[in-house]
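Worksheet: the structure to be examined is printed underneath.
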Amino acid sequence: MSEGSKVSAGGGKKRYAMVVDTRRCIGCMACQVACKAEYDTPLGVNRTWVPYKVVGKYPNVKKQFLPRLCNHCEDPPCVRNCPVEATFVVEDGGFVLQRYERCIGCRSCMAACPYNARFMLPSHRTYTPITNVVDKCTFCFHRVTQNLVPACVQTCIGRSRVFGDLNDPNSEVSYLVAKNATQVLRPEEGTKPHVFYIGADRNTTEFGRDAYQKREVMELERSAFKSHFKI
Amino acid sequence: MGDYVWFHDVSWHASYAVYFFVIGILAGLSFISFGSWRTPALRPLREKTAYASFVLLGLGGMLLIADLSQPMRFLNILNPAYLNFTSPLAWGALNIVAFSIASIVYILALRRRDEKNGQLLALITALLALGLPIYTGFDLTVHQSRPVWNTPIMPVLFVALAIASGSAVGALLAAGNTEAQKVLREYMLWSAGAVAVMLVSIMGTTNYGGSAAELTFMIMTTGTMGLLFIGVGFLGGSVAPALMLFAPMGKSQGVVLVSALLILAGSAALRYVLLMAPQQLQTLY
Ligand code: SF4
Ligand code: SF4
Numbered sequence: 000m001s002e003g004s005k006v007s008a009g010g011g012k013k014r015y016a017m018v019v020d021t022r023r024c025i026g027c028m029a030c031q032v033a034c035k036a037e038y039d040t041p042l043g044v045n046r047t048w049v050p051y052k053v054v055g056k057y058p059n060v061k062k063q064f065l066p067r068l069c070n071h072c073e074d075p076p077c078v079r080n081c082p083v084e085a086t087f088v089v090e091d092g093g094f095v096l097q098r099y100e101r102c103i104g105c106r107s108c109m110a111a112c113p114y115n116a117r118f119m120l121p122s123h124r125t126y127t128p129i130t131n132v133v134d135k136c137t138f139c140f141h142r143v144t145q146n147l148v149p150a151c152v153q154t155c156i157g158r159s160r161v162f163g164d165l166n167d168p169n170s171e172v173s174y175l176v177a178k179n180a181t182q183v184l185r186p187e188e189g190t191k192p193h194v195f196y197i198g199a200d201r202n203t204t205e206f207g208r209d210a211y212q213k214r215e216v217m218e219l220e221r222s223a224f225k226s227h228f229k230i
Numbered sequence: 000m001g002d003y004v005w006f007h008d009v010s011w012h013a014s015y016a017v018y019f020f021v022i023g024i025l026a027g028l029s030f031i032s033f034g035s036w037r038t039p040a041l042r043p044l045r046e047k048t049a050y051a052s053f054v055l056l057g058l059g060g061m062l063l064i065a066d067l068s069q070p071m072r073f074l075n076i077l078n079p080a081y082l083n084f085t086s087p088l089a090w091g092a093l094n095i096v097a098f099s100i101a102s103i104v105y106i107l108a109l110r111r112r113d114e115k116n117g118q119l120l121a122l123i124t125a126l127l128a129l130g131l132p133i134y135t136g137f138d139l140t141v142h143q144s145r146p147v148w149n150t151p152i153m154p155v156l157f158v159a160l161a162i163a164s165g166s167a168v169g170a171l172l173a174a175g176n177t178e179a180q181k182v183l184r185e186y187m188l189w190s191a192g193a194v195a196v197m198l199v200s201i202m203g204t205t206n207y208g209g210s211a212a213e214l215t216f217m218i219m220t221t222g223t224m225g226l227l228f229i230g231v232g233f234l235g236g237s238v239a240p241a242l243m244l245f246a247p248m249g250k251s252q253g254v255v256l257v258s259a260l261l262i263l264a265g266s267a268a269l270r271y272v273l274l275m276a277p278q279q280l281q282t283l284y
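In the order they appear, the protein sequences are chains R and D. Per numbering that gives the first Met the number 0: the first sequence ends with 230, consecutive numbering throughout. Per numbering that gives the first Met the number 0: the second sequence ends with 284, consecutive numbering throughout.
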């Protein structure tokens, strides 16, 4: 990741943000696939993912989607907790990025992130030597600095994901944030997330009913979920 | 039905709990070695505890490095150009290095029978040892989204656990020496009592602390975690030894040794649960 790349052309600083309009998300998971393709993200881990809950009672039922990714927080606890500054904020743009060559793999940042946005890369990968370090969404820094939108935004068929500069009053994200009631995830953590949701449902933003299972049940499900790691 | 939940991994695994356990014991042993300069009854333990603490430091250091997914990069954490002082891990690394140096110098003084500088070096080593449980406590405390971890009591609890488990190992090392065991019995009694009180306050605040905290309380107190936390850690490893040591027969050597073993088993279980349980819920978010 080139830290020297210029983000803003003019004098003012940019502050990128994403708006996710959940009313428009159809749950096609194309964003998840586009992200996987963009970064060759290994099996079992994701930079972005789209969990859903079926809510309501028959016949009034609905699937509620909540596209998730790193919130590129304004006050990121992951950055605060990294002992070697392997994760850092790009002041111009607000990206929270990784220095893969510096990361020691202590996983403090993973423990610190309230959103599970971070994951450990496996030790074997086919197309890249970046292994055994922590990774996460970069807001597609390499694309945005080339005047492209992130891969997930580019591919979003419902135009649920919108990306842009919050400091630019004429940007679509500024307009959407100004004109709609928006939510951020776990605002009580004080992280000041920069992924804004329109119409996020509490069924998906709070701890779900799975959390009420016994730990052994959760463990069983989790190990089944992770079984491909053993293949 | 049909929900799609993405399971995330816990960040820190059980090996980190073993590291906490080892670090606690070695800090406690350093306190005893310093105590031997003040309390004549502990004199026979001075060298033994200093050596044992140093050996455990080597073990703890290896555990810590092996737990990194990039173990060969552990020196990055000591690179002044990289150090990030808002991270307790950075302070911890400096603390461990300073403690290692102080330990070596102290052991050399002991070998030279340098009584003049020995006491001062013991004090410096003990103060640096005190930093170890404090930093490991802060390691957890700073994570604002984790119930139980994010409470001011963690560093204090880890200090109490260090005194309890260090004294327990000291009592085992002093088997047969009734004078030393009398002193260590006091250390164990009050530190195990303090641990029990802190665990009650953790349970109370967690059970009434909002949805995430309540769910974490449930994870900590049911199933295998519950058995380890309430059974082995709280009842077996702190309440029982505190009561046994307080009782009239508490001064007998048998009771002191059994209490020491219980405290060690309990403090290992507590480290495991305190590390792992508050991570479980988050994996479902
Ligand atoms: S969402 Fe998590 S990983 Fe992303 S900036 Fe915030 S704390 Fe860091
Ligand atoms: S795992 Fe890497 S990026 Fe995360 S805190 Fe440790 S050194 Fe920093």
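All C-beta atoms in this analysis are idealised placements derived from N, C-alpha and C, irrespective of residue type, glycine included.
Chain order gives no chain R residues near residue 228 of chain D, where near means a beta carbon separation below 9 Å; the closest approach is about 11 Å. Not a single CB atom of chain D sits nearer than 8 Å to the CB of residue 24 of chain R. Put simply, the residues with a CB less than 6 Å from any heavy atom of ligand 1 are R:69, R:70, R:71, R:72, R:75, R:76, R:77, R:95, R:112, R:114, R:116, R:117, R:135 and R:190, in chain order. For residue 51 of chain R, the enclosing beta strand (DSSP E) stretches over residues 51–56. Under the three-state reduction of DSSP, residue 28 of chain R is assigned to coil, being neither helix nor strand. By the CB criterion at 8 Å, residue 188 of chain D and residue 241 of chain D fall inside the cutoff.
Assigned with DSSP and collapsed to three states, residue 36 of chain D falls in helix. The C-alpha of residue 131 of chain D lies about 23 Å from the C-alpha of residue 78 of chain R. Runs of alpha helix (DSSP H) with 4 or more residues, each lying fully within the region 95–132 of chain R, are found at 107–111, listed in chain order. Under a criterion of Cβ atoms nearer than 7 Å, the residues of chain D adjacent to residue 206 of chain R are, in order, 210, 211, 214, 280, 283 and 284. Counting only runs that start and end inside the region 228–259 of chain D, the alpha helix (DSSP H) elements of at least 4 residues fall at 239–245. Within chain D, the C-beta atoms nearer than 9 Å to that of residue 109 of chain R come from 7, 8, 9, 10 and 11, in chain order. Not one heavy atom of ligand 2 sits closer than 7 Å to the Cβ of residue 89 of chain D. If you look at residue 196 of chain R, you'll find it in the beta strand (DSSP E) that goes 194–197.
With a minimum length of 4 residues, the unbroken runs of alpha helix (DSSP H) contained wholly in the region 111–152 of chain D fall at 114–140.
DSSP places residue 163 of chain R outside any alpha helix (DSSP H); the residue lies instead in the beta strand (DSSP E), whose first and last residues are 160–164. By the beta-carbon neighbour count (other beta carbons within 10 angstroms, threshold 16), residue 16 of chain R is buried.
Per DSSP, the continuous alpha helix (DSSP H) segment holding residue 217 of chain D begins and ends at 210–220.
Taking the Cα of residue 24 of chain R as reference, the smallest distance to any Cα among R:187, R:154, R:40 and R:73 is reached at R:154.
Per the coordinates, the alpha-carbon of residue 120 of chain D lies some 5 Å from the alpha-carbon of residue 105 of chain D.
Counting only the Cα atoms, residue 268 of chain D lies some 41 Å from residue 115 of chain D. Taking 8 Å as the threshold, the shortest C-beta distance from residue 4 of chain D to chain R falls below it.
Closer than 8 Å to the CB of residue 99 of chain D there is not a single CB belonging to chain R. Cβ contact annotation for residue 99 of chain D (same chain, cutoff 7 Å, sequence separation greater than five): 56, in chain order. Judged by pairs of C-beta atoms under 8 Å, the region 63–72 of chain D does not touch the region 56–68 of chain R, as fewer than three such pairs exist. Residue burial is scored here from C-beta neighbours: residue 7 of chain R has fewer than 16 other C-beta atoms within 10 angstroms and is therefore classed as exposed.
At a Cβ-Cβ threshold of 8 Å, residue 173 of chain R and residue 165 of chain R count as neighbours.
Secondary structure at residue 69 of chain D: coil, using DSSP grouped into helix, strand and coil. Taking a 10 Å sphere around the C-beta of residue 193 of chain R, we find 16 or more other C-beta atoms and assign the residue as buried. At a beta-carbon threshold of 9 Å, none of the residues of chain R lie near residue 65 of chain D; the nearest stands roughly 11 Å away. For residue 140 of chain R, the enclosing alpha helix (DSSP H) has its first and last residue at 140–143.
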